[in-house]
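K.L.:
Residue numbers for the sequence shown follow my numbering, so the first one is 4 and each next one is one higher.
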Amino acid sequence: MRQKAIPEVLMPFLDGKLLLIDKPLQWTSFDIVNKIRYLIRVKKVGHAGTLDPLATGLLIVCTGKFTKQINEYQGLPKEYTGTLVLGATTASYDLETAPENFKNITHLTELEIVNATLPFIGEILQMPPQHSAIKKEGMRLYESARKGIEVKVDPRKVNIISFEITKIHLPNIDFKVVCSTGTYIRSLVKDFGEALGVGAYMSALRRTKIGDFKIEDAIHWEDLKKEIDDLLATQVEMDPGTNA
């Protein structure tokens, strides 16, 4: 289908742009893509790596001809910071579902907690969460999970480049992880809790880097919208006949 005519000031997006977006809490990655499509009037828009609704942070969005590079960006290593809670688990491994299976954690030492990260560094086999967007037999895993159906999935090989405990304030633990594409941080947290024998779930997650792209260089949705609105307003002022 032929691309509908768009205002001249938005043509660079049709030619191709790479946008670094700071995804807000509760938005899906596809929410961002749809909003940008509507804002810039360009259909060819895609993202290079999903962030769960309960995660925030860096999302690479490509427009126009730059969408051809999405696979390249998807393969880059990722950096995350987050918080996990020891002494309980959830079915989703995060706060999408309620905590359960509470256990005492008062016996744990800081050294035990830090040392528990070591077996996870390097190439490991990881089981994806049942509450995830992976498709199995034509249905997303989270759709099956919400119906109470557990689907058999195969473990995946991922690479945990680094797993650092940055702050311990029990039951909460702040951490930083650098990992390969395809890694589920929720699963890493769940397995970490099991290794300590007390369970754990993720309470917060923020993606801070994708390859050399940093969250500090990302733009908030509201600021991007204002920039585009200002561009359109400028074109209307210069050419009152423009249908912006």
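Cβ atoms here follow ideal geometry from the backbone N, Cα and C, with glycine treated the same way.
If you're wondering where the values come from, they're calculated on a predicted model, not measured in any experiment.
1. Please classify R209: does DSSP put it in a helix, a strand, or coil?
2. Flag this pair as touching only if the region 38-49 and the region 187-194 have three or more C-beta atom pairs under 8 Å; answer yes or no.
3. Beta carbon of P122, beta carbon of A198: below 8 Å?
4. Considering only C-alpha positions, which residue in the set A221, S165, T70 is nearest to V125?
5. Determine the DSSP secondary structure at L98, reduced to helix, strand or coil.
6. Starting from A58 and walking both ways along the beta strand (DSSP E), at which residues does that stretch end?
7. Counting pairs of Cβ atoms below 8 Å between the region 204-222 and the region 52-61, do you hit three or more?
8. For K170, does the three-state DSSP call read helix, strand or coil?
9. Relative to the C-alpha of G185, which residue among D55, T70, D233 is closest?
10. Which word fits M4, buried or exposed, when buried means at least 16 other C-beta atoms lie within 10 angstroms of its C-beta?
11. So what does DSSP say about I24, is it helix, strand or coil?
12. Reducing DSSP to helix, strand and coil, say where D55 ends up.
13. Based on the DSSP secondary-structure assignment, which residues constitute the bridge partners of F105?
14. What did DSSP end up calling G196 once you bin it into helix, strand or coil?
15. Looking only at its own chain, which residues have a Cβ that is under 6 Å from the Cβ of L28, when we skip the five neighbours before and after it?
16. Could you tell me whether the region 94-103 touches the region 227-235, where touching means 3 or more Cβ pairs closer than 8 Å?
17. Quick one: residues in its chain with C-beta nearer than 7 Å to the C-beta of P174, no 5 flanking neighbours on either side, listed in chain order?
18. Give me the Cα-Cα distance between F16 and G67, rounded to the nearest whole angstrom.
19. Report yes if the CB atom of K179 is closer than 8 Å to the CB atom of T169, and no otherwise.
20. Give me the residue from T84, M14, D34, I176 with the minimum Cα distance to I213.
21. Based on Cα-Cα distance, which residue from A203, L13, K20 lies nearest to K71?
22. Identify the continuous beta strand (DSSP E) that holds Y187 and give its terminal residues.
23. So, using beta-carbon positions, are I73 and W224 closer together than 8 Å?
P.N.:
The answer reads as follows:
1. strand
2. no
3. The answer is yes: Cβ separation under 8 Å.
4. The sequence given here has Gly at residue 125, not Val. Taking only the C-alpha atoms, the option nearest G125 is S165.
5. coil
6. 58-67 is the span of the beta strand (DSSP E), which, as asked, contains A58.
7. yes
8. DSSP places K170 within a strand segment (E or B) once states are collapsed to three.
9. D55
10. For M4, the predicted structure reports a pLDDT of 39, less than 50, and the residue's modelled location is therefore unreliable. The matter cannot be settled from this model.
11. strand
12. Note: D55 maps to coil in three-state DSSP.
13. The partner list for F105 (beta bridge, DSSP) is empty, contrary to what the question assumes.
14. Three-state DSSP puts G196 in a helix.
15. T59
16. Output reads no: the region 227-235 does not touch the region 94-103.
17. V88, L89, G90, I108
18. One C-alpha to the other measures close to 6 Å.
19. yes
20. T84
21. K20
22. Note, Y187: premise wrong, no beta strand (DSSP E); not H, not E.
23. no
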